[in-house]
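Asks:
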Amino acid sequence: MQIMEVILIIWIIAALVIIFESRVYRNIIYFGIFSLITSVCFLMLGSPDVAMAEAAIAVFATIFFIICIERYYGRKGHRAEIAPVSPRNGRWFTKIVLPLAFCAGLFALFVNFMPTGDASTYLKELYLTYFSVDVGGENAVAAILLGYRVYDTLFEALILVVAVVAVAHMSWLDRMAVDDGRHSEIENSSMAVFTMRIISPIILLFGTYLILNGHISAGGGFQGGVAIATFFICRYMIYDIYDISVKKVIKLEEYVFVFIVVIAVFAVFVGSKAFLAYTFDYFTDAFHDAYLIIMNVLIGLKVACGFFIIFYRYVAIERREDSPVEISQRHQDLGGDSNI
Amino acid sequence: MFFIALFGLITAKNAIKTIVFTLVMQTAVIMFWLFLSGRTGTIPPIIYDPALLYDMAAIADPTPQALMLTAIIIGISVTAIKITMLNYLFRRYNTADWELMHKLSAQEEAENPYS
């Protein structure tokens, strides 16, 4: 049995464990483990970029979930642990069997109509043969992201901006972030702080390396940006302050996004081969590399700002205790004397 | 895998679990695409040497990888928005149980229908 099959079986078992675990905290931690196994699978399938992104997603999704539910379930999960899913008598048929049959039927359909032949390799050969001439660099994935499919990347960056703005403005409170440098209430374990003190500079260095070398090795703007955001989160956990103005970071992110759009459109219209042949005859390679590096740096900066804003928003606003005014407001919403 | 997650999604009673299962479904779709593109042991599409190009079958296909990278980033953005909405629901109903939430909102609507 090959090692890939073993890892796949562990992967499926991890998913089943997630489904049949009823406690919320464990669910989230299992999701982190599941994502890491997935990341190993991606690495073995020959795609280190996606593996890195998946690992970053595992970290950030876990952090977001835990910050979000901490207020409502208590720190140790003792306050309102969800009861195990035990369907009441007579309802187990509609609760369990019908969904199971539905999913099994869909699975049978999927297996029946699954494409079996080899996929076309035309596009693969085209891209792999010409990307170093057309876009430059040595990483084909980065070349496709920033060269052939740059509009995809632009809209993806746009979606991230929209998400950040939505998170910043769609919360329960209309007020903006607490910018007063207030200390947080996180109970730090000294061992974790000690470890993070050692690791966080390495994380920053690693993120910078990923961004700057994104065009010749695995990595790129997104992965590096996430690593840099992780550095800021470590900094927050160590020193217990939020002294960075969230408004300024939002402004910075918006400006960076405008720069990304301008540079990408400029490169698409100006950086065509005919133009380059006349103008940058001797500097084509340098121009290409400079374009890739600048785009990677900008995207990394933007992603770092975005995740940083989301994290601060959750920590500073969502974990804040309710003021009495809001509590009474909520009781009015629920119709006076409800004590749910 | 996708269908396991779909089963979980249908049977989940908790809102947080719903979000987790959507993430699992997304992971399953990404895994499917990468399985289409490369087999085990293919080398990553980083061409530092043009001689590598003579054995085209040994290199993983870069196109699905780039697309899946985009999909992952969009997925985490959407997840952040979902968690914000979930926070809203938490603050409003103080529970994460879909059925309880539904009951509470129906009760609220019955009490003042024009709000």
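Residue numbers (my numbering), protein chains in the order written: chain A, 737 to 1076; chain B, 12 to 126.
Beta carbons are placed, not taken as given, at the ideal position from N, Cα and C, and that holds for glycine.
Only a predicted model underlies this, so the values are computations on that prediction, with no experimental measurement involved.
Does B/Val31 have its Cβ less than 9 Å from a Cβ in chain A?
Replies: Residue 31 of chain B sits at position 20 when you count from the first residue of the second sequence. Chain A contact via Cβ: present.
Asks: Bridge partners of B/Ile70, per DSSP?
Replies: In the second sequence, the residue the question calls residue 70 of chain B occupies position 59. B/Ile70 is bridged to B/Ile54.
Asks: Work out the CA separation of A/Thr774 and A/Val997 for me, nearest whole Å.
Replies: Start at 1 with the first residue of the first sequence, and residue 997 of chain A comes out as number 261. Start at 1 with the first residue of the first sequence, and residue 774 of chain A comes out as number 38. If you take the alpha carbons of A/Val997 and A/Thr774, they lie about 33 Å apart.
Asks: Under 9 Å between the Cβ atoms of A/Val1051 and B/Ser88?
Replies: Working through the first sequence from its first residue, we reach residue 1051 of chain A at position 315. Working through the second sequence from its first residue, we reach residue 88 of chain B at position 77. Cβ distance not < 9 Å, so A/Val1051 and B/Ser88 don't count as in contact.
Asks: I'd like to know if the region 779-790 of chain A and the region 73-81 of chain B are in contact, where contact means that at least 3 CB-CB pairs between them fall below 8 Å.
Replies: yes
Asks: Give a yes or no on whether 9 Å exceeds the smallest Cβ distance from B/Ala117 to chain A.
Replies: The sequence position of residue 117 of chain B within the second sequence is 106, counting from 1. Chain A, which has no Cβ nearer than 9 Å to the Cβ of B/Ala117, makes this no.
Asks: Can you find a CB in chain A that lies within less than 9 Å of the CB of B/Val35?
Replies: Counting from 1 along the second sequence, the entry for residue 35 of chain B is found at position 24. Yes, contact with chain A.
Asks: What in chain A is Cβ-close to B/Lys114, meaning under 7 Å?
Replies: Along the second sequence, one-based indexing puts residue 114 of chain B at 103. Under the 7 Å cutoff, chain A gives no residues; its nearest Cβ is about 10 Å from B/Lys114.
Asks: Which residues does DSSP list as the beta-bridge partners of A/Asn848?
Replies: Here residue 848 of chain A refers to the residue found at position 112 when the first sequence is read from its first residue. None, per the DSSP bridge assignment.
Asks: For B/Ser116, count the other beta carbons within 10 Å of its own beta carbon; 16 or more makes it buried, fewer makes it exposed. Which is it?
Replies: Here residue 116 of chain B refers to the residue found at position 105 when the second sequence is read from its first residue. By the neighbour-count rule (16 or more Cβ atoms within 10 Å), B/Ser116 is not buried but exposed.
Asks: Bridge partners for A/Asn763 per DSSP, in chain order?
Replies: Within the first sequence, the letter at position 27 stands for residue 763 of chain A. Looking at the DSSP assignment, A/Asn763 forms no beta bridge with any residue, so it has no partner.
Asks: What does A/Gly1090 reach in chain B if we use C-beta pairs closer than 7 Å?
Replies: This structure cannot speak to residue 1090 of chain A, because chain A is shown only from 737 to 1076.
Asks: Would A/Ala1026 be called buried (16 or more neighbouring beta carbons within 10 Å of its own) or exposed?
Replies: Residue mapping note: residue 1026 of chain A aligns to position 290 of the first sequence, counting from 1. Exposed, since its Cβ has fewer than 16 Cβ neighbours within 10 Å.
Asks: Measure the CB-CB distance between A/Cys777 and A/Leu752 and report whether it falls below 9 Å.
Replies: Working through the first sequence from its first residue, we reach residue 777 of chain A at position 41. Working through the first sequence from its first residue, we reach residue 752 of chain A at position 16. The answer is no: Cβ separation not under 9 Å.
Asks: What in chain D is Cβ-close to B/Leu45, meaning under 7 Å?
Replies: The structure shown contains no chain D; its protein chains are A and B.
Asks: Taking the alpha helix (DSSP H) that B/Glu122 belongs to, which residues open and close that run?
Replies: Translated into the one-based positions of the second sequence, residue 122 of chain B becomes position 111. Here the alpha helix (DSSP H) through B/Glu122 covers Trp109 to Glu122.
Asks: For A/Ala750, collect the residues of the same chain with a Cβ closer than 7 Å to its Cβ; drop the 5 residues on either side in sequence, then sort them by chain order.
Replies: In the first sequence, counting from the first residue as 1, residue 750 of chain A sits at position 14. Answer for A/Ala750: Tyr766, Ile769, Phe770 and Ile773, listed in chain order.
Asks: Let me confirm a value: B/Met79 is counted as buried when at least 16 other C-beta atoms fall within 10 Å, else exposed. Which label applies?
Replies: By 1-based counting over the second sequence, the position of residue 79 of chain B is 68. Buried, since its Cβ has 16 or more Cβ neighbours within 10 Å.
Asks: Verify whether the separation of the beta carbon atoms of B/Ile92 and A/Glu892 is less than 9 Å.
Replies: As a first step, residue 92 of chain B is located in the second sequence; it is residue number 81 there, counting from the start. As a first step, residue 892 of chain A is located in the first sequence; it is residue number 156 there, counting from the start. No, the pair does not count as a contact, with Cβ atoms beyond the cut-off.
Asks: Name, going along the chain, the residues of the region 71-87 of chain B whose beta-carbon falls closer than 8 Å to a beta-carbon of chain A.
Replies: Ala71, Asp72, Pro73, Thr74, Gln76, Ala77, Leu78, Met79, Leu80, Thr81, Ile83, Ile84, Ile85, Gly86 and Ile87
Asks: Comparing alpha-carbon positions, which option in A/Glu741, A/Leu988, A/Phe967 and A/Lys860 lies nearest A/Thr931?
Replies: For the purposes of this step, residue 931 of chain A is taken as residue 195 along the first sequence, with counting starting at 1. Ranking A/Glu741, A/Leu988, A/Phe967 and A/Lys860 by Cα distance to A/Thr931 puts A/Phe967 first.
Asks: Assuming A/Ile1045 and A/Glu990 form a contact by the criterion Cβ under 8 Å, report the distance between their Cβ atoms to the nearest whole angstrom.
Replies: For this step, residue 1045 of chain A is matched to residue 309 along the first sequence. For this step, residue 990 of chain A is matched to residue 254 along the first sequence. In fact, because the Cβ distance is near 11 Å, the residues do not count as touching under 8 Å.
Asks: Which term fits A/Tyr866, buried or exposed, when burial requires 16 or more other beta carbons within 10 angstroms of its beta carbon?
Replies: By 1-based counting over the first sequence, the position of residue 866 of chain A is 130. Exposed.
Asks: Quick one: what does DSSP say A/Asn875 is sitting in, helix, strand or coil?
Replies: Position 139 of the first sequence holds residue 875 of chain A. Three-state result, A/Asn875: strand.
Asks: Assuming A/Gly950 and A/Asn875 are in contact, meaning their beta carbons sit under 8 Å apart, how far apart are those beta carbons, in whole angstroms?
Replies: Numbered from 1 along the first sequence, position 214 holds the residue referred to as residue 950 of chain A. Numbered from 1 along the first sequence, position 139 holds the residue referred to as residue 875 of chain A. The Cβ separation is near 7 Å, so the contact holds.
Asks: What does a CB cutoff of less than 8 Å around A/Leu863 pick up in its chain, not counting 5 residues either side in sequence?
Replies: For this step, residue 863 of chain A is matched to residue 127 along the first sequence. The question names Leu, but residue 863 of chain A in the sequence shown is Tyr. Taken in chain order, the residues that qualify are Ala876, Ala879, Ile880 and Tyr884.
Asks: Is the Cβ of A/Ile805 closer than 9 Å to any Cβ of chain B?
Replies: Indexing the first sequence from 1 puts residue 805 of chain A at position 69. Chain B, which has a Cβ nearer than 9 Å to the Cβ of A/Ile805, makes this yes.
Asks: Using 9 Å as the threshold, is the C-beta distance between B/Phe43 and A/Ile754 below it?
Replies: Position 32 of the second sequence, counted from the start, is the residue given in the question as residue 43 of chain B. Position 18 of the first sequence, counted from the start, is the residue given in the question as residue 754 of chain A. No. Outside cutoff.
Asks: Taking Cβ to Cβ, would you say A/Ile969 is nearer than 9 Å to A/Leu940?
Replies: To locate residue 969 of chain A, count along the first sequence from 1; it is residue 233. To locate residue 940 of chain A, count along the first sequence from 1; it is residue 204. Going by C-beta atoms, A/Ile969 is not nearer than 9 Å to A/Leu940.
Asks: For B/Ser36, does the count of other Cβ atoms within 10 angstroms reach 16, so buried, or fall short, so exposed?
Replies: Residue numbering aside, residue 36 of chain B sits at position 25 when the second sequence is read from its first letter. The residue you asked about is not Ser; residue 36 of chain B is Met in the sequence shown. With 16 or more Cβ atoms within 10 Å of its Cβ, B/Met36 is classed as buried.
Asks: Ordered along the chain, which non-local residues of its own chain (more than five positions away) have a Cβ less than 6 Å from that of A/Met1031?
Replies: Here residue 1031 of chain A refers to the residue found at position 295 when the first sequence is read from its first residue. Excluding positions up to five away in sequence, the list reads Leu882.
Asks: Using the beta-carbon count (16 or more within 10 Å), is A/Leu845 buried or exposed?
Replies: In the first sequence, the residue the question calls residue 845 of chain A occupies position 109. It is exposed - the Cβ of A/Leu845 has fewer than 16 other Cβ atoms within 10 Å.
Asks: Excluding the 5 residues flanking A/Phe995 on each side, which residues of the same chain have their C-beta closer than 8 Å to its C-beta?
Replies: The sequence position of residue 995 of chain A within the first sequence is 259, counting from 1. For A/Phe995, where only same-chain residues beyond five positions count, the Cβ hits under 8 Å are Leu1034.
Asks: Grouping DSSP H, G and I as helix and E and B as strand, with all else coil, what is B/Leu47?
Replies: Position 36 of the second sequence, counting from 1, holds the residue named residue 47 of chain B. B/Leu47: helix per DSSP, three-state reduction.
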